[in-house]
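All remarks here apply to the structure that follows.
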Amino acid sequence: MLTKPTQSFLLEITEKSAQEFQDGGITFEYKYAHRLAHTVFDHNFLKTTADIREFNDKEVQQIESFFTTSLSLKQKDTELKSKEFIQLLKQDFSDYYRQISSFNSDGYSIDIVIHFIKDNDFHELNLFWSMD
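Heads up: the sequence shown at position 74 corresponds to 1181 in our numbering, and the numbers run straight through without jumps.
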């Protein structure tokens, strides 16, 4: 589950983004589904989620891209914010399979869907940013 520190982090970045992009900014949605992973994910894929999986380099770059754009951060600040976010997620979902299921960016908006899967449960965190 998303802990209070992670929720506070998300609320902090939505506020900062709202100040930067007054007609847009960051929104997020969090979902938890108990014993429903088999209704959303392919059975063969679920077999691969038995082991803990960290974010790969591409996924870390996608998270960094989200923070660079949505918060207008410089590279050093982006890396710090991304590491903080990833560390919070590691703490919240330490024994879960973690992956970015989708990443869409068109220059005016970014949408990231992150899934955390364990047994037949899953959590979904959707981060969205738009310029307006």
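Don't be surprised by glycine CBs; every beta carbon is placed ideally from N, CA and C.
Quick caveat, the model's predicted, so the values are computed rather than measured.
Pull the bridge partners of T1134 from the DSSP assignment, please.
Bridge partners of T1134: F1235.
Contact defined as beta carbons within less than 8 angstroms: I believe I1224 pairs with I1207. What is the distance between those atoms, to the nearest angstrom?
13 angstroms between Cβ atoms; not a contact.
Taking just the CA atoms, how far does H1150 sit from T1134?
Rounded to whole angstroms, the gap between the alpha carbons of T1134 and H1150 is 31 angstroms.
Output needed for A1144: all residues of its chain with C-beta closer than 7 angstroms, excluding positions within five of it in sequence on either side, in chain order.
Correct list, in chain order: L1153, I1224, N1227, D1228 and F1229.
Which runs of the alpha helix (DSSP H), 4 residues or longer, sit entirely within the segment 1162-1214?
The alpha helix (DSSP H) runs lying completely inside the segment 1162-1214 and spanning 4 residues or more are 1164-1177 and 1182-1199, given in chain order.
Inter-residue Cα distance where the pair is K1111 and T1155:
Computed Cα separation, rounded: 30 angstroms.
Would you call the segment 1158-1171 and the segment 1188-1198 in contact, with 3 or more CB pairs under 8 angstroms?
The segment 1158-1171 and the segment 1188-1198 touch, with no fewer than 3 CB-CB distances between them shorter than 8 angstroms.
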